[in-house]
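Worksheet: the structure to be examined is printed underneath.
Residue numbers (the numbering used here): 1294 to 1602.
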């Protein structure tokens, strides 16, 4: 299989029991969980496998948990297949798994920085909502109008045609959602999140993350181009990776543009690795002509291997 990209999920992909089969079936995957527990100083493995839900849902736990499961699943996939992706991309938090796979971050550094990132991102008050069936330009105009009235709301995740996430103050998101509904949006779905991620409210978190990256984290060149959330362009150099990680926290996720870039540069098959199938669903909405596969457990791995035969 050629012309492939690996893509990695972000927050909200989590569920209790995720990664358990990788842990049980592959020694390298098991070691990823053990390394995560040691690096963090508590058992993120137990939270992944057993919960409880309220612990897994804490952003400071959710982020390293999803990263750990994704990297463990990657080890399992590497042991069972011989795939060489042209590009890597991760949705928000998923970008850290891409950096680990490309050798730009050690797994230990990545799991520690995502724990810190999750902690910083919880400090701001606010919320998010998904707006379905509305174009970017009119929704952007609504956000600008509401922000000018004193209730900050920003465009956040540009996930796929017809699915855009807005983020900001509780009141700003509520008002913008009502205006979007009145302007013809199909649906406005409040998201169960612990903060206004990828909005201007995240600037203090971005500044804290910047200081943490500067003081504690070693970034190397990436061996595979990573499509940055903030620009939808490939990055490989440490300085560009550093900037992308800092900017990402308070900037929109340009997911549609990222997928289109990879398609325009030869990718015809996307393999989602990690918990859930959300990313595969988004990609199908962006371009139905490409193939998508999601690998998260024994069944999905075996189904994928059957395609390779």
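Backbone N, C-alpha and C fix where the C-beta goes; we use that ideal spot for every residue, glycine too. Nothing here was measured: the structure is a model prediction, and the numbers come from that model.
Neighbourhood of residue i by C-beta, 6 angstroms cutoff - its chain only, sequence neighbours within 5 removed
| i | result |
| --- | --- |
| residue 1541 | 1522, 1523 |
| residue 1311 | 1341, 1362, 1568 |
| residue 1505 | 1409 |
| residue 1469 | 1435, 1436, 1439, 1446, 1459 |
| residue 1518 | 1380, 1527, 1529 |
| residue 1411 | 1352, 1353, 1356 |
| residue 1494 | 1417, 1419 |
| residue 1285 | Residue numbering for the chain in the displayed model covers 1294 to 1602; residue 1285 lies beyond these limits and cannot be assessed. |
| residue 1573 | 1565, 1585, 1587 |
| residue 1255 | Residue 1255 falls outside the range modelled here, since the chain spans only 1294 to 1602, and no answer is possible. |
| residue 1678 | As shown, the chain starts at 1294 and ends at 1602. That puts residue 1678 outside it, with no answer to give. |
Same chain, Cβ closer than 8 angstroms to residue i, five either side skipped, listed in chain order
| i | result |
| --- | --- |
| residue 1601 | 1294, 1374 |
| residue 1425 | 1455, 1456, 1478, 1479, 1480, 1481, 1482 |
| residue 1337 | 1326, 1329, 1330, 1354, 1357, 1358, 1361, 1404 |
| residue 1560 | 1296, 1297, 1298, 1379, 1380, 1583 |
| residue 1316 | 1322, 1323, 1326, 1338, 1342, 1365 |
| residue 1547 | 1451, 1522, 1523, 1524, 1525 |
| residue 1502 | 1406, 1409, 1410, 1413, 1538, 1539, 1542 |
| residue 1346 | 1309 |
| residue 1463 | 1418, 1419, 1420 |
| residue 1344 | 1309 |
| residue 1433 | 1448 |
Residues that residue i bridges to, as DSSP identifies them
| i | result |
| --- | --- |
| residue 1546 | 1450 |
| residue 1586 | 1564 |
| residue 1300 | 1382, 1565 |
Beta-carbon proximity of residue i to residue j, cut-off 7 angstroms
| i | j | result |
| --- | --- | --- |
| residue 1417 | residue 1489 | yes |
| residue 1451 | residue 1457 | yes |
| residue 1487 | residue 1352 | yes |
| residue 1381 | residue 1299 | yes |
| residue 1391 | residue 1383 | yes |
| residue 1551 | residue 1520 | yes |
| residue 1465 | residue 1492 | no |
| residue 1557 | residue 1314 | no |
| residue 1453 | residue 1575 | yes |
| residue 1414 | residue 1332 | no |
Cβ shell of residue i (< 7 angstroms), same chain only, five flanking positions each side left out
| i | result |
| --- | --- |
| residue 1348 | 1340, 1354 |
| residue 1514 | 1397, 1529, 1530, 1531 |
| residue 1308 | 1568 |
| residue 1400 | 1325, 1328, 1364, 1393 |
| residue 1485 | none |
| residue 1533 | none |
| residue 1562 | 1294, 1296, 1297, 1583, 1584 |
Supposed contact pair residue j and residue i - C-beta distance, whole angstroms, cut 8 angstroms
| i | j | result |
| --- | --- | --- |
| residue 1549 | residue 1579 | 5 angstroms |
| residue 1393 | residue 1409 | About 16 angstroms; that fails the 8 angstroms criterion. |
| residue 1297 | residue 1568 | Actually they are not in contact, since the Cβ atoms of residue 1297 and residue 1568 sit about 20 angstroms apart, beyond 8 angstroms. |
| residue 1277 | residue 1594 | Residue 1277 cannot be examined here, being either before or after the span of the chain that is shown, 1294 to 1602. |
| residue 1427 | residue 1473 | 6 angstroms |
| residue 1386 | residue 1303 | 4 angstroms |
_Ranges of the beta strand (DSSP E) found wholly within the region 1451–1483, counting only runs of at least 3_ = Listed in chain order, the complete beta strand (DSSP E) runs (minimum 3 residues) inside the region 1451–1483 are 1456–1461, 1480–1483.
Quick one: which unbroken alpha helix (DSSP H) runs of 4-plus residues sit fully inside the region 1497–1543? Chain order, please.
Taking only runs of at least 4 residues, the alpha helix (DSSP H) segments lying wholly in the region 1497–1543 are 1531–1541.
With a floor of 4 residues, list each alpha helix (DSSP H) that falls wholly inside the region 1374–1458, ordered by position along the chain. Taking only runs of at least 4 residues, the alpha helix (DSSP H) segments lying wholly in the region 1374–1458 are 1387–1394, 1400–1414, 1429–1441.
### Query
What are the complete alpha helix (DSSP H) segments, minimum 4 residues, inside the region 1335–1374?
With a minimum length of 4 residues, the continuous alpha helix (DSSP H) runs that stay inside the region 1335–1374 are 1337–1343, 1346–1350, 1352–1373.
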